[in-house]
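In this note's numbering, the protein residues as written are 1007 to 1129. Just so it is clear, CB atoms sit at the ideal spot from N, CA and C, and this is done for glycine as well.
Next comes the structure, spelled out in structure tokens:
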């Protein structure tokens, strides 16, 4: 019997191989191929997860630098704002100081952890 013709747009819409009917419409028994064994599937899954992990590590190395910079920049900015407002508006300067203390309560701990991460191999 004639099979449905696949269009490239249709193929691109499938999200998972389980939804793809090409393997069901073939006459060959794909379960006999080496790549269809459970061990081969597990190996392929592990390989692609490791590839994705390397990409994620590269992205996180960038994000770690950004986070450390943001923490330092925020503290510097709030300190400057507090200093500028001490004379003209002491109440607002006090509120900024409280906010800076709350926000910065764990900054040293976070910066130490980020520094330790940056010392790891591969960073």
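Whole-angstrom C-beta distance between residue 1074 and residue 1120, which should lie under 8 Å: 5 Å
Pick from 1095, 1009, 1088, 1072 that is closest to residue 1107, judged by C-alpha positions: 1088
The region 1044-1058 touching the region 1068-1084, judged by at least three CB pairs closer than 8 Å: no
Distance between residue 1042 and residue 1035 (C-alpha atoms, nearest Å): 10 Å
Range of the contiguous alpha helix (DSSP H) that encloses residue 1012: Taken as a continuous stretch (DSSP letters only), residue 1012 belongs to no alpha helix (DSSP H), as it is neither H nor E.
Backbone secondary structure at residue 1082 - three-state DSSP: helix
Start-end ranges of the alpha helix (DSSP H) lying completely within the region 1060-1121, minimum 4 residues: 1096-1109
Outcome for residue 1068 when other beta-carbon atoms lying within 10 angstroms are tallied against a minimum of 16: exposed
Cα-Cα separation, residue 1126 to residue 1115: 17 Å
Collapsed DSSP secondary structure at residue 1129 in the structure displayed: coil
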